[in-house]
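Below: one structure, written as structure tokens.
Protein chains: 2
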Amino acid sequence: MTDEDPVSRYTVRSVAKAFRLLSMVAEAPAEGVTLSEVSQHMGMSKSAAYGLVRTLLDADYLYAREPGPRYCLGTALVWLGDIASRRLPLRDITAPILARLSQQTGLTIRVARVDDGHPVFINRVDAVGAVRFHTPLGVRELPHTSAAGKAILAALPDAEVERIAAECGLPRRTRKTITEVPALLADITVARRRGYAIDDEEDFEGVFCVAAAFFDHDGGCAGALSATGIKVDLPAWRIEELGRMVRAGADEVTGLLGGRPRDREV
Amino acid sequence: MTDEDPVSRYTVRSVAKAFRLLSMVAEAPAEGVTLSEVSQHMGMSKSAAYGLVRTLLDADYLYAREPGPRYCLGTALVWLGDIASRRLPLRDITAPILARLSQQTGLTIRVARVDDGHPVFINRVDAVGAVRFHTPLGVRELPHTSAAGKAILAALPDAEVERIAAECGLPRRTRKTITEVPALLADITVARRRGYAIDDEEDFEGVFCVAAAFFDHDGGCAGALSATGIKVDLPAWRIEELGRMVRAGADEVTGLLGGRPRDREV
DNA sequence: GCATGCCGTGCGGTAATACCGAACGAAAGA
DNA sequence: TCTTTCGTTCGGTATTACCGCACGGCATGC
Chain A
90 MTDEDPVSRY TVRSVAKAFR LLSMVAEAPA EGVTLSEVSQ HMGMSKSAAY
140 GLVRTLLDAD YLYAREPGPR YCLGTALVWL GDIASRRLPL RDITAPILAR
190 LSQQTGLTIR VARVDDGHPV FINRVDAVGA VRFHTPLGVR ELPHTSAAGK
240 AILAALPDAE VERIAAECGL PRRTRKTITE VPALLADITV ARRRGYAIDD
290 EEDFEGVFCV AAAFFDHDGG CAGALSATGI KVDLPAWRIE ELGRMVRAGA
340 DEVTGLLGGR PRDREV
Chain B
90 MTDEDPVSRY TVRSVAKAFR LLSMVAEAPA EGVTLSEVSQ HMGMSKSAAY
140 GLVRTLLDAD YLYAREPGPR YCLGTALVWL GDIASRRLPL RDITAPILAR
190 LSQQTGLTIR VARVDDGHPV FINRVDAVGA VRFHTPLGVR ELPHTSAAGK
240 AILAALPDAE VERIAAECGL PRRTRKTITE VPALLADITV ARRRGYAIDD
290 EEDFEGVFCV AAAFFDHDGG CAGALSATGI KVDLPAWRIE ELGRMVRAGA
340 DEVTGLLGGR PRDREV
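Line by line, the protein sequences give chains A and B. Count along the first sequence starting at 1, add 89, and that's the number in the working numbering. Count along the second sequence starting at 1, add 89, and that's the number in the working numbering.
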């Protein structure tokens, strides 16, 4: 084996495998996976998979649900995830604003931080009695299919938007997804004037989002707030109202971050 | 090496080390840890620690905060923790009740599930503007120092309580912690009559908790709801009111679980 | 009732590996 | 300027994790 592996020379392979296993369980149905499924998907023998699973069980990263047994994500991940998310400064700062917006609007409110032009949602508050959207946290999302992503793009110069678009390729998610760079730039230009970005069924059919970006002390975009609802519940006047509320919430976050809002930009 | 290790023959050692490292970072200050600290605390060479850290960085289980660099828990853990906690059925069922109780009381409301007589908190809703308590999720807690723990114990027969008490040894946390089995049984007996359990500065100085258990279709205790506040803010009449509200919330959870509430028990 | 898969569990042997030690450039402190 | 400490990199080797194989249990099908 003289060829160059995709893994660095310093990668501990067993650990990387364990993480691949956890990702596989996370993406599998909630009932969990069997040992044989693990050995198949991981391309390793059953006995090797058994050792790996046992290690994860002992550490509470997995737990065995009888009968089967089927393996599911364990409480150690709840523990670590709670600590990790609490230590994101943005989360603490924005939590009360999310709660207030959720009460005011009756919608699901989320906050994303920026990762190289892409949104990573780090918290979510579901309104009581509202539709629950199963949107993941902690994942780098596509920038062009969510309102939060477009609000973040709108804070960047057009050249940067084009670079990011070329990088991720603007894949289609629904029939309304913007898949061409000029259309994306046009949409962003409107968002800059309006003060908030809109996702009109561009990520999921029937789902509508409104988002506004906030900025830190550098004047750089630090993230975005978004409100998510079912499209049929949102007439035009309601969308404008939501836009103003989200915009106001984002400005408040900007203030708490010691930042300065930009003129004529989201 | 013919001696019996504490780890099973099937334990993948590198993976266990990676988990120990994550636990270490989780218990360290929020600013993160340096590579040298890792190699020291883990008892391994710097180069080995470097390989491990690089692996965790590549998988987003850690991220490097400049300068230093200092290593902190990464967004992959936020992702996995979010999925793991969403898949706990109790969490979805109780979420709206937590939110309502939090609004009604202005306190932090938590829900714990039962793990062999011990409470494991799986969700928490902080009231807006209230004091934030940094209580971890997903950890097996001591049963005798929290209101939720005592509410769970109150649902068990005395013999079982004595077994659990012998197992964990009733360690002291504050000067008010109950450290003797007879006193614990007496406290639990009162809780059974009253319908809710109380933690009066037995876990943290100045912190007061009220909790009530809920039950599943077997009639077994499935967990408990608790309300947490600063002691000076809670006169006696307020505590009684809180107890009734938490009790009512727990009964509601019991109903949603298809369970039946017990007579004269928490 | 018997055969037949399939699953989870255990055990050697060996090829793959993760670890140690040493060394280097850079940055911070004396 | 000198010293210390940090993160990083690189061979060599002892450790190891993996594969193949076999066994017991549990359903399913004939």
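Just so you know, even glycine gets a beta-carbon here, dropped at the ideal spot from N, CA and C.
At a cut-off of 9 Å between C-beta atoms, B/ILE319 does not count as an interface residue with respect to chain A.
Under the three-state reduction of DSSP output, B/PRO208 falls in the strand class. The beta carbons of A/ILE241 and A/VAL203 sit closer together than 9 Å. A/PRO185 belongs to the set of residues whose beta carbon lies under 9 Å from a beta carbon in chain B.
With contacts defined as CB atoms closer than 9 Å, A/THR144 and B/TYR99 qualify as a contacting pair.
When beta bridges are read from the DSSP output, B/TYR152 appears opposite B/CYS161. Considering only beta carbons, the part of the stretch 155 to 174 of chain B lying closer than 8 Å to chain A consists of CYS161, LEU162, GLY163, THR164, ALA165, LEU166, VAL167, TRP168, LEU169, GLY170, ASP171, ILE172, ALA173, SER174, in chain order. In this structure B/ASP292 is in contact with B/THR234, their Cβ atoms being roughly 4 Å apart against a cut-off of 8 Å. Within chain B, THR164, ALA165, VAL167, TRP168, ASP171 have C-beta atoms less than 7 Å from the C-beta of A/GLY227, given in sequence order. By the criterion of at least three beta-carbon pairs nearer than 8 Å, the stretch 168 to 179 of chain A is not in contact with the stretch 292 to 301 of chain A. Proximity of A/LEU145 to chain B, defined by a Cβ-Cβ separation below 9 Å, is satisfied. Residue contact check for B/ARG199 against chain A: no CB pair falls below 9 Å. Close to chain B, meaning a Cβ-Cβ distance shorter than 7 Å, are the following residues of the stretch 106 to 128 of chain A: ALA107, PHE108, LEU111, ALA115, ALA119. Annotation: B/SER112 to B/VAL127 spans about 11 Å, alpha carbon to alpha carbon. Classified as buried, B/ALA138 has 16 or more neighbouring CB atoms from the shown chains inside 10 Å of its CB. A direct Cα-Cα distance of roughly 33 Å separates A/THR278 from B/GLY163. The DSSP-derived three-state label of B/GLY284 is coil. Sixteen is the threshold: when 16 or more other Cβ atoms of the shown chains lie within 10 Å of the Cβ of A/SER103, as they do, the residue is buried. The beta carbon of B/LEU196 lies closer than 7 Å to those of ALA216, ALA219, ALA316, THR317, GLY318 in the same chain, with the five residues before and after it left out.
Relative to B/HIS207, the option among B/ALA188, B/ILE186, B/PRO232 whose CA is nearest is B/PRO232. In terms of beta-carbon proximity, B/LEU179 stays away from the interface with chain A, with every pair separated by 9 Å or more. In the three-state DSSP reduction, B/SER134 falls in the coil class, being neither helix nor strand.
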